[in-house]
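Visitor: Take the UniProt record's numbering: the last position of the sequence shown gets the number 119, and nothing is skipped along the way.
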Amino acid sequence: MTRRILIVDDSGFQRTLIRGILEDDFEVVGEAENGSEAVTLFEETRPDLVTMDIMMPEVNGIEATSDIKQRDPETRIVMCTSVEQRDQMKQAVKAGADGYVTKPVEEDTLRSEVESALA
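1) Compute the distance between the beta-carbons of residue 125 and I18, then report whether it is under 8 Å.
2) Specify whether the stretch 81-90 and the stretch 64-71 touch according to this definition: at least 3 beta carbon pairs, one from each stretch, less than 8 Å apart.
3) Applying the criterion that 16 or more other CB atoms from any shown protein chain within 10 Å of the CB defines a buried residue, is F26 buried or exposed?
4) Would you mind listing the alpha helix (DSSP H) stretches within the stretch 7-49 that are 4+ residues and don't spill past its ends, in chain order?
5) What beta strand (DSSP E) runs, 3 residues minimum, are completely inside the stretch 53-89?
6) Would you call R15 buried or exposed, if buried means 16 or more other Cβ atoms sit within 10 Å of its Cβ?
7) Could you tell me which of L41, R86, T81 sits nearest to E106, measuring between CA atoms?
8) I'd like the span of the alpha helix (DSSP H) that includes T109, first residue to last.
9) Candidates M79, G99, Y100, L41: which alpha carbon is nearest E31's?
10) How many angstroms separate the CA atom of K103 from the CA atom of S11?
11) Which value, in whole angstroms, describes the spacing of the CA atoms of M52 and V114?
12) Shortest alpha-carbon distance to D24 belongs to which of I5, G99, P47, A95?
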């Protein structure tokens, strides 16, 4: 069974990069550019995993993670964050994040973190 992934990042470049890394092994069910869109798309698509940026306009990734986890605690969320966002990463873990990768995203690291979160 193909696992379904939602990609959330305010950068179109980052979304394209993450899609390119994951789409051969997973079904990418959608892309969102902020946390508000992420929650709406999550409700519509019910993915197995969400890759979530932290710093985004409107609703940030920490708030969106918390909202998604309240709706479905089984959904896995892997944060994609800058190295200097360690404090925000701690908040993301408290909100329910299941893992994280740092930007710039490296293919092997992202694949490994996604597989680990889904295991």
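For every residue, glycine included, the Cβ atom is placed at its ideal position computed from N, Cα and C. Note that the structure is a prediction, hence the values are computed from the model and not measured.
Guide: So, from the listed chains and residues:
1) The question about residue 125 has no answer here: the residues shown for the chain are numbered 1 through 119.
2) no
3) Residue numbering aside, residue 26 sits at position 26 when the sequence shown is read from its first letter. That one is buried.
4) Secondary structure remark: continuous alpha helix (DSSP H) runs of at least 4 residues inside the stretch 7-49, in chain order: 12-22, 35-45.
5) 76-82
6) Mapped onto the sequence shown, residue 15 falls at position 15. When all chains shown are included, R15 counts as buried.
7) In the sequence shown, counting from the first residue as 1, residue 106 sits at position 106. Residue T81 is the option with its Cα nearest to E106.
8) As a first step, residue 109 must be located in the sequence shown, where it is residue number 109. Its alpha helix (DSSP H) spans residues 107-118.
9) Within the sequence shown, the letter at position 31 stands for residue 31. With distances taken between Cα atoms, E31 lies closest to L41.
10) Stepping through the sequence shown from its first residue, residue 103 is reached at position 103. Stepping through the sequence shown from its first residue, residue 11 is reached at position 11. Distance between K103 and S11, taken at the CA atoms: about 12 Å.
11) As a working mapping, residue 52 is identified with position 52 in the sequence shown. As a working mapping, residue 114 is identified with position 114 in the sequence shown. Taking the straight line joining both Cα atoms gives about 12 Å.
12) If you number the sequence shown from 1, residue 24 lands on position 24. Of the candidates I5, G99, P47, A95, the one whose C-alpha sits nearest the C-alpha of D24 is I5.
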